[in-house]
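Comments concern the structure below.
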Amino acid sequence: MNFSVVVDNEAAGSVVRATLLNDTKDALHLYFPTSQRLSVRLYDSADDNALVYVSEREWMYMQVVEDVYVASGEEVVYEEKIPNRLLSAEHSYQGS
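Numbered according to the working numbering, the sequence shown spans residues 338 to 433.
What follows is the structure, given as structure tokens:
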């Protein structure tokens, strides 16, 4: 299993994309008890790692159960858009 995260900064905010590649020989089973697919936390390294953003504090999730199966060689991509308005004025996230 190979997992990667990329952050793209756009005019309206940042987009966090998490990609899960199943590089095993067996299918992966992902269980989601809600509509939430990512839990994103952003920290400001210039301010003693101050917590800037937490997904669960900003969004509401539906209570739905979903089973996702990822076959060998397949990948799934989940993304979360973080509007600029959700980042406080004194903090910014520049990505890496």
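Ideal Cβ placement from N, Cα and C applies to all residues, glycine included. Model, not experiment: these values are computed from the prediction.
Cβ contact annotation for residue 403 (same chain, cutoff 6 Å, sequence separation greater than five): 369, in chain order. Your pair residue 365 and residue 407 checks out as a contact, with CB atoms roughly 4 Å apart and the cut at 8 Å. Assignment of beta strand (DSSP E) within the segment 393 to 422, counting only whole runs of 3 or more residues, yields 403 to 407 and 412 to 420 in chain order. By the 16-neighbour rule on beta-carbons within 10 angstroms, residue 341 is exposed. By the neighbour-count definition (other C-beta atoms within 10 Å, threshold 16), residue 375 is an exposed residue. Membership of residue 375 in any beta strand (DSSP E) is not indicated, and neither H nor E is assigned to it by DSSP. With fewer than 16 other Cβ atoms inside 10 Å of its own Cβ, residue 388 counts as exposed.
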